[in-house]
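Enquirer: Got a structure here, written out as structure tokens. Questions coming.
Residue numbers (the numbering used here): 6 to 344.
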């Protein structure tokens, strides 16, 4: 019996060069998964990130390994299938996420309901998403800010250098709410100095100011920071959350680094138990991957689901965004189909 799993890798050119503290890219290679059974097709996406030791090659290798594991399985036994995926792919979160998304999409289509309804989530509580502005020269920053004029909230990427120049360029162009993401670029003393200045510039929060490994530095900084601090690279799974409460005010959960929807829900629940606020973020993904996050977004405080808007062209018919708010419809499963 053939495996219900198939996949392909697609090159996705970006609208602008994407620069954060770790480097610059102009194209992404994501892996798209399909699971087929009983006349229904579930779609999933892997958006691997080198920060977590993954690439499209490692995703493909993981999925080749997984395909025979799913052979002959009844996808209606959702828990058993998910446990088999977890066991086969313990160290491949993006690959696991792609299959997890596809299984949830398939299950929603079998039931004929959107994913948010399967999960008991109220779509009317959808927060606005921020629009990310990568590090760039002033002229291009101005273009990016103009393109994001319809979004009430911006997320500005900052690195080790040109902090006040890059941020100041953006702030001079807009009165929008701004969040800052340093992507592990700062040391504790300089982070405090940057954050103290940013607190005078109308910034809402600062994401991952220090390297993830600097646990003591995070505790020191949290005790002194005038702005909320949000953990991103420091977090991958639910068991990471309790130890982050001493160093951060909130966490950023991403389906691609957590391994999919099930673990993301566990992370959100654990964060709430620890008194932490929650952001739902993304990698550079198409409207398919973003849709999965959007179905969970009503459960969190802050949303950063803009990865598909960074692409030159989205190969999926994404859920529309109106004044920064993703509009979930009544389509079954993730509610997204290929163009």
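Cβ coordinates follow ideal geometry from the N, Cα and C atoms, glycine included.
Computed from a prediction, not measured in an experiment: that's the story for all the values here.
1) Unbroken alpha helix (DSSP H) runs of length 4 or more, entirely within the segment 72 to 96: which are they?
2) Counting Cβ pairs, one atom from each stretch, are 3 or more of them under 8 Å apart for the segment 254 to 274 and the segment 105 to 118?
3) Within the same chain, show all residues whose beta-carbon is closer than 6 Å to that of residue 22, passing over the 5 residues directly before and after it, in chain order.
4) Three or more C-beta pairs under 8 Å: does that hold for the segment 77 to 88 against the segment 122 to 137?
5) Return the CA-CA distance between residue 26 and residue 191, expressed in angstroms with no decimal places.
6) Can you round the beta-carbon distance between residue 163 and residue 171 to whole angstroms, since I take them to be within the 8 Å contact cut?
7) Within its chain, find whatever has a CB closer than 6 Å to the CB of residue 165; leave out the 5 residues flanking it on each side and keep chain order.
8) Let's see if you can read the secondary structure: which residues bound the alpha helix (DSSP H) around residue 345?
9) Within 10 angstroms of the Cβ of residue 176, are there 16 or more other Cβ atoms? Answer buried if so, exposed if not.
10) Given a cut-off of 7 Å, decide if residue 299 and residue 333 are closer than it, judged by their beta-carbon atoms.
11) Figure out for me which residue from 109, 287, 256 and 285 has the closest Cα to the Cα of residue 279.
12) What does the alpha-carbon distance come out to for the pair residue 285 and residue 253?
13) With C-beta atoms as the reference, is residue 135 less than 7 Å away from residue 158?
14) Among all the DSSP beta bridges, which residues are the ones paired with residue 282?
15) Beta-carbon separation of residue 48 and residue 110 under 7 Å?
16) Between the alpha carbons of residue 319 and residue 178, how many angstroms are there, rounded?
Expert: In terms of the structure at hand:
1) 83 to 93
2) yes
3) Against the chain shown, residue 22 aligns to sequence position 17. Answer for residue 22: 29 and 31, listed in chain order.
4) no
5) Sequence index remark: in the chain shown, residue 26 carries index 21 (1-based). Sequence index remark: in the chain shown, residue 191 carries index 186 (1-based). Using only the alpha carbons, I get a separation of about 10 Å.
6) Sequence index remark: in the chain shown, residue 163 carries index 158 (1-based). Sequence index remark: in the chain shown, residue 171 carries index 166 (1-based). Going by Cβ atoms, the distance from residue 163 to residue 171 rounds to 6 Å, so yes, they are a contact pair.
7) Taking the chain shown and counting its residues from 1, the one referred to as residue 165 is at position 160. Cβ within range, chain order: 190.
8) The first residue shown for the chain is 6 and the last is 344, placing residue 345 beyond what the model contains.
9) Against the chain shown, residue 176 aligns to sequence position 171. Under this definition residue 176 is a buried residue.
10) As a first step, residue 333 is located in the chain shown; it is residue number 328 there, counting from the start. As a first step, residue 299 is located in the chain shown; it is residue number 294 there, counting from the start. Closer than 7 Å, so yes.
11) As a first step, residue 279 is located in the chain shown; it is residue number 274 there, counting from the start. Out of 109, 287, 256 and 285, 256 has the C-alpha closest to the C-alpha of residue 279.
12) Within the chain shown, residue 285 is the residue found at index 280, counting from 1. Within the chain shown, residue 253 is the residue found at index 248, counting from 1. Approximately 15 Å between the Cα atoms of the pair.
13) The residue given as residue 135 occupies position 130 in the chain shown. The residue given as residue 158 occupies position 153 in the chain shown. Yes.
14) As a working note, residue 282 is residue 277 in the chain shown. In the DSSP output, where bridge partners are listed per residue, residue 282 has 255.
15) By 1-based counting over the chain shown, the position of residue 48 is 43. By 1-based counting over the chain shown, the position of residue 110 is 105. Closer than 7 Å, so yes.
16) Start at 1 with the first residue of the chain shown, and residue 319 comes out as number 314. Start at 1 with the first residue of the chain shown, and residue 178 comes out as number 173. Spanning the two alpha carbons is a distance of roughly 28 Å.
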